[in-house]
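Working notes, beginning with the structure itself.
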Amino acid sequence: MSSTTALKTKKAVRRDDPEVFVNHVLLDICSACGADCIYCLHQAAGLTPSKLMKPEHFQAIVEILRQEKYELIYVYQSGEAFLHPQYPDFLPEIAERGMDSSTATKLFMPIKWDRLDAALERCDATDSSVEFLITIDAITQEAQSKIGPGIQTEMVKANLVRMAEMQEKHPSVRCLLDTVVNAHNEHDIDVMLAYFKELGFLRWFPKQMGYFMPYHAREQDIENIAAAEPKTDRCPARFTVRDGEIFPTVVQTRCDLGAPAISPEGDVTICCHDMLHRYRLGNVVEQGSLRTIIASEAYQTIANRGRDMSLDICQGCN
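In this note's numbering, the protein residues as written are -17 to 300.
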């Protein structure tokens, strides 16, 4: 099985120029998750409130993004998009406005495949691409229970089979798989890769283990992270833990902010690391424009601090 379509090439933009607006955005339609992965503090510690984007807000936002010539919507930030009951309806609304979409998922929940199939049929009729960024950390329940205790591997495997079918059937679809390498799965990586290839997923890569929002970390969180740090150099962690403190493996002093993020309520923040939307710099639903918010003095002030890595949300980010 293989995808017949790739996402369209995006134009390069200068993100340090406030007059040039990035052509992609993160849209957080669902802040709920339930996977409780050890490397994702904002879910495991219960910091993120479970909110769903209202359909009328979604429609208003994607229309604004279309009018302002955004090309790609990442349908995620803090939660699991497939948990939104209207998610299959949202996908074609993006495609039919001429924009590509990219959805991050762990495929650990029951999915209404007939609804998704029908949605992708509508996407096929457009010139837009639908990408699924699928993170699979384990294919044995023993390893999975140590990494994300809210996930059942048999459910994930069944969904992977169906997703492979969707990729083969729909020319608008492509799937990229990744694995967050840690001490609980690093010895199974070759077995996992062989399994993914058998299903027809040809694009797979291991990711370094990250750590979100250490400024919220409890002592137990730090201990869990330290215990899960990879023991080999095959895919080292992005951090080290020393004396109860978290240090990035590579200390970065300058950041090229990737894309603004929009919360389920329409609040705008500067990047994906602000998963609790601590820096609310405007509301795209209320103001009717994302470009206006980005160009504002308030946004640029916080964005410049983010570029200098001087915000609290920059802690632990490399």
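Idealized CB from N, CA, C, for every residue including glycine.
Just so it is clear, the structure is predicted and the values come from calculations on it, not from any experiment.
Cα-Cα separation, residue 296 to residue 221: 13 Å
Three-state secondary structure assigned by DSSP to residue 58: coil
Where residue 88 falls, given that 16 or more other Cβ within 10 Å makes a residue buried: buried
Exposure of residue 235, with buried meaning 16 or more beta-carbon neighbours within 10 Å: exposed
Three or more C-beta pairs below 8 Å linking the segment 213 to 233 and the segment 276 to 286: no
Cut-off 6 Å between Cβ atoms - residues of its own chain near residue 187, not counting five sequence neighbours on either side: 160
Cβ pair residue 191, residue 219 closer than 8 Å: yes
Where residue 120 falls, given that 16 or more other Cβ within 10 Å makes a residue buried: buried
Span separating the alpha-carbon of residue 109 from that of residue 208: 46 Å
Alpha-carbon to alpha-carbon, residue 286 and residue 114: 31 Å
Close Cβ partners of residue 247 (< 8 Å) along its chain, the five nearest in sequence each way excluded: 33, 35, 39, 265 and 267
Expected contact under 8 Å - CB spacing of residue 204 and residue 223 to nearest Å: 6 Å
Beta-carbon proximity check, residue 158 vs residue 200, cutoff 8 Å: no
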